[in-house]
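Residue numbers (my numbering), protein chains in the order written: chain V, 10 to 265; chain F, 173 to 516.
Here is the structure:
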């Protein structure tokens, strides 16, 4: 994600605060559509579609991110078609239930929300996001903690990977960590990490750490404000005007 | 247990975000008041450690499956509840932003379900009283650590899983009936909680043996009888039986909490309810009738009691038998899966 966020497109250059606000309003708007409002929620796809195109990110990269949330989502959603038997429309003589409609809305919402978050993090660096959080008055303790945890994540993950590798080389054909080593495996790492954290803190103090990190000052540039205002207006229109049905009615001459 | 944005309505998401924000504000305030903000590097390293530790698979003896650690209990045992809660927030925020594991709008709900229960409820209700010896005082410290970790993990995971069900239902995005959803989520998380609790316990006992001062609330060092795993496991078995049996007994006398909320309790004057008629609720479709018929005909212990028996004994026995059957079934499936894997 860090490499993606290092891009040079116009979307990457907009201020983190405006992108964060647009993302949050987008998410809230997308979630506020009723469970049968498929056309309403589909209209919201305009935002990720355009931003994917402008930022050079691909939807395929984003789809891989769905793997974590998919099990619970499918588990909850799959019962709708089974339990809601009201007829939505007929394919020949086969009725399609409204349960399928609500299931489709759930999946579309999931795709939209995961895309929006992916687009935010794929175009904005974590430092900038944390700077935006500080501007939104999130306490510095939390923001600093997120930043430092993120920094130490790679160190710890690497350490765990090395340990797991070493363990498996000594215990071939064994899938996980055996019962006898449950405690000592991560326990050893905890002991070492606690000492490391103390040293880290001492070295931070020596460099003048006072409990606050200096923040990256970002000025609110007019382009970013315009970008945010444009999307917020679009979201309001999409929410209150059934855009897809209006366009459909215009072309077919039918009713809304 | 991470919830996606799509599972929540904006109002439920906002409510949970507000609840989590208040708890986070309280935690930050407490840390500042106690001058503990210098703990931040330790908190960050611990959070990163838990994050990385969640990727380790622990083989569960006797089965082919594996488990992970429970972050909330581990962090609050090492850092205390407030610092543990904030560290869990850091873990959940990074999981959400970089791995799409749980959504941004669902962050409040996820923090509540996974960090609040483990760090505050599990800590104050179970970890502290047990570790300080207010309950089970006769046991050795390691035995108490095991007991507190397992009970804390199980309890906080059950609350978390129940909250997932409740939040999904209140968001009104699914047809899945509350009872069925809870009936699936809770037993699954009971098993997960037990494994997570045991792994957490093993880690904390190791830390205790090496550096007892790292753990919160541990006062004595090495006092008490020799620690034996057998002894602790027998305690856990008794506690499991007590919970399985005891809670069923209690449940028999009271309508289920949600049933009470939805349908009221007419005899006791709680007729004002949510406008639902119990007789007709959820029974309108032919499929539901059919399924209910099949369930009635095939269930060994319908409504968690012996057939044609309203006795409290029946309910208690069914709690115990149920625990046994679930354990046996899980073991059977795991063994079958393992033997199939070996053949393949």
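Cβ coordinates follow ideal geometry from the N, Cα and C atoms, glycine included.
Check	Outcome
Rounded straight-line distance, which links the Cα of residue 271 of chain F to that of residue 127 of chain V	9 Å
Minimum Cβ-Cβ distance from residue 53 of chain V to chain F less than 9 Å	no
Sequence-distant residues of the same chain with beta carbon closer than 6 Å to residue 369 of chain F, five excluded per side	321, 322, 325, 326
Under 9 Å between C-beta atoms of residue 377 of chain F and residue 241 of chain F	no
Where residue 187 of chain F meets chain V, residues with beta-carbon distance less than 7 Å	Near residue 187 of chain F there are no residues of chain V at all, since even the closest Cβ is about 13 Å away, more than 7 Å.
Check whether residue 148 of chain V and residue 243 of chain F have beta carbons under 9 Å apart	no
Buried versus exposed, by CB contacts within 10 Å (16 or more), residue 183 of chain F	exposed
Buried or exposed by the 16-neighbour rule on C-beta atoms within 10 Å, applied to residue 161 of chain V	buried
Neighbour flag for residue 145 of chain V against chain F, beta carbons, 9 Å	no
Sequence-distant residues of the same chain with beta carbon closer than 7 Å to residue 334 of chain F, five excluded per side	354, 358
Terminal residues of the alpha helix (DSSP H) in which residue 390 of chain F lies	Residue 390 of chain F -> no alpha helix (DSSP H), and no H or E assigned at all.
Endpoints, alpha helix (DSSP H) assigned at residue 87 of chain V	Run containing residue 87 of chain V: none; DSSP gives neither H nor E here.
Coil, strand or helix - residue 132 of chain V by DSSP	helix
Beta-carbon spacing of residue 217 of chain F, residue 238 of chain V below 9 Å	no
Residue 103 of chain V versus residue 97 of chain V - alpha carbon distance	11 Å
Alpha carbon of residue 380 of chain F to alpha carbon of residue 240 of chain V, nearest angstrom	54 Å
Chain V within 9 Å of residue 156 of chain F, Cβ atoms only	Chain F is shown only over 173 to 516; residue 156 of chain F falls outside these bounds and no answer can be derived.
Three CB pairs or more closer than 8 Å across the segment 279-293 of chain F and the segment 257-265 of chain F	yes
CB contact flag (residue 329 of chain F, residue 364 of chain F, <9 Å)	yes
Contacts that residue 307 of chain F makes with chain V (C-beta to C-beta distance below 7 Å)	What residue 307 of chain F touches in chain V: nothing, since even the nearest Cβ is about 23 Å away.
The segment 75-93 of chain V touching the segment 54-65 of chain V, judged by at least three CB pairs closer than 8 Å	no
Given residue 228 of chain F as reference, the closest of V/185, V/37, V/165 once Cα atoms are compared	V/185
Chain-ordered chain F contacts of residue 86 of chain V [CB-CB under 7 Å]	346
Environment of residue 254 of chain F [buried if 16+ CB atoms lie within 10 Å]	buried
Own chain residues within Cβ distance below 7 Å of residue 343 of chain F, not counting five before or after	179, 180, 181, 184
Closer than 7 Å at the beta carbon, the chain V residues around residue 383 of chain F	200
Simplified DSSP state of residue 175 of chain F, which is helix, strand or coil	coil
Euclidean distance between Cα positions of residue 427 of chain F and residue 175 of chain F	Note that residue 427 of chain F scores 37 on pLDDT, short of 50, meaning its location in the model is unreliable; the coordinates nonetheless yield the value given after this. Whole-angstrom Cα-Cα distance: 29 Å.
Reduced DSSP secondary structure (H/G/I, E/B, other) of residue 285 of chain V	Since the first and last residues shown for chain V are 10 and 265, residue 285 of chain V lies out of range.
Chain V contact residues for residue 334 of chain F, given Cβ-Cβ distances below 8 Å	Residues of chain V passing the Cβ test: none, with the nearest at roughly 14 Å.
Residue burial classification, residue 275 of chain F (beta-carbon count within 10 angstroms, cutoff 16)	buried
Beta-carbon proximity list for residue 47 of chain V, same chain, < 8 Å, skipping 5 on both sides	110, 113, 114, 117
Reference residue 199 of chain V, options F/339, F/362, F/386, closest by Cα	F/386
Chain-ordered neighbours of residue 185 of chain V on chain F, where CB pairs are closer than 7 Å	229, 230, 231, 238
Proximal chain F residues relative to residue 103 of chain V, where beta-carbon distance stays under 8 Å	Residues of chain F passing the Cβ test: none, with the nearest at roughly 17 Å.
Reduced DSSP category for residue 57 of chain V - H, G, I as helix; E, B as strand; rest coil	helix
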